[in-house]
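Participant: Just dropping this structure here.
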Amino acid sequence: MTPQGDTQAVAEMLMENKTLQSLNIESNFITSAGMMSIIKAMHHNTTLRELKVDNQVGTGTPGGPGRGQGCPPLPGVPGLPRPAVPAAG
Numbered sequence: 002m003t004p005q006g007d008t009q010a011v012a013e014m015l016m017e018n019k020t021l022q023s024l025n026i027e028s029n030f031i032t033s034a035g036m037m038s039i040i041k042a043m044h045h046n047t048t049l050r051e052l053k054v055d056n057q058v059g060t061g062t063p064g065g066p067g068r069g070q071g072c073p074p075l076p077g078v079p080g081l082p083r084p085a086v087p088a089a090g
């Protein structure tokens, strides 16, 4: 997945798709801006129950900002009980 174009395509898909329940986009090159596009798209999706986003390559050092960090709750995202991102340990 490339940073800008592919993350925008994922965000658009999430806004339109009415059947997807689980999405694993771990170990890609998603930037923080790209991830924000995906999170904003989640406000339009009511079927996704699991979103795996851990280990974004090139977004930080192990244990540093943006990689291996616990994900805070996503306020206002309907239907997503919790993102599947392991807490830093």
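Numbered according to my numbering, the sequence shown spans residues 2 to 90. Beta carbons: idealized from backbone N, C-alpha and C, even for Gly.
#1: Under DSSP, the beta strand (DSSP E) around Ser23 begins and ends at which residues?
#2: Sort out for me which residues DSSP pairs Glu51 with in a bridge.
#3: Can you give the Cα-Cα distance for Ser33 and Met16, rounded to whole angstroms?
#4: Which two residues bound the contiguous alpha helix (DSSP H) that contains Thr32?
#5: Within 10 angstroms of the Cβ of Gln57, are there 16 or more other Cβ atoms? Answer buried if so, exposed if not.
Facilitator: Checking against the coordinates, here is how it stands:
#1: Ser23 to Asn25 is the span of the beta strand (DSSP E), which, as asked, contains Ser23.
#2: Note: Glu51 sits in a beta bridge opposite Ser23.
#3: Between the C-alpha atoms of Ser33 and Met16 there is a straight-line separation of about 19 Å.
#4: The continuous stretches of alpha helix (DSSP H) do not include Thr32, and DSSP gives it neither H nor E.
#5: Per the 10 Å Cβ criterion, buried.
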